[in-house]
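Below you'll find the structure, written out as structure tokens, and then a few comments.
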Amino acid sequence: MNGGHQPTGEWTQVRRRKIWNTELTNYYVTGFPDGTKKEELREPFSRFRKAVDVYFGLKKDYQRRNFAFVRYVGIKDAKVMELKLQGINSYSRREQILHYIHR
1 MNGGHQPTGE
11 WTQVRRRKIW
21 NTELTNYYVT
31 GFPDGTKKEE
41 LREPFSRFRK
51 AVDVYFGLKK
61 DYQRRNFAFV
71 RYVGIKDAKV
81 MELKLQGINS
91 YSRREQILHY
101 IHR
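Going letter by letter, the sequence shown gives residues 1 to 103 in UniProt numbering.
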């Protein structure tokens, strides 16, 4: 028995959210307040190119600040993109882009 599922002989297309086999560039971001939501960071960081993911660190950094990684796909020149992202405004404050991790 297969759990009540009746095979119909047709394929079902499934859309996956994960991005496989692509070049990802992660930018380390800090300087945002407690309680910040992913969409609140994704929106300003999508001005130059769509941010595909935002990951919040579970703890604070060594200076007791919140931090996150904003992930992009297909960045050709990570340093140029970093310069564009420097000083993104959100919450009437400036997030700090300290460095990028390219993989």
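Cβ coordinates follow ideal geometry from the N, Cα and C atoms, glycine included.
Go to residue i, then tell me how far its beta strand (DSSP E) extends in each direction, as first and last residue.
i   : result
R24 : Note that residue 24 is Leu in the sequence shown, not Arg. First-last of the beta strand (DSSP E) with L24: 24-30.
R42 : Taken as a continuous stretch (DSSP letters only), R42 belongs to no beta strand (DSSP E), being part of the alpha helix (DSSP H) at 38-45.
Looking only at its chain, what residues have a beta carbon closer than 7 Å to the beta carbon of residue i, apart from the 5 residues adjacent to it on each side?
i   : result
V54 : K38, L41, R42, A68, V70
K84 : F48
D61 : T30, F67
Give me the residue from the options with the minimum Cα distance to residue i.
i   : options            : result
Q86 : Y27, V52, E10      : Y27
N66 : E23, F32, T25, L24 : F32
For residue i, count neighbouring C-beta atoms within 10 Å of its own C-beta (all shown protein chains included) and say buried if the count is 16 or more, exposed if not.
i   : result
E10 : exposed
V80 : exposed
Take residue i and list the residues in its own chain whose beta-carbon comes closer than 8 Å to its own, dropping the five residues that flank it on each side.
i   : result
K59 : none
I75 : E23, T25, R49, M81, H102
Does residue i come within less than 7 Å of chain B when only Cβ atoms are used?
i   : result
T25 : As a matter of chain content, chain B is missing from the structure shown, which is built from one protein chain.
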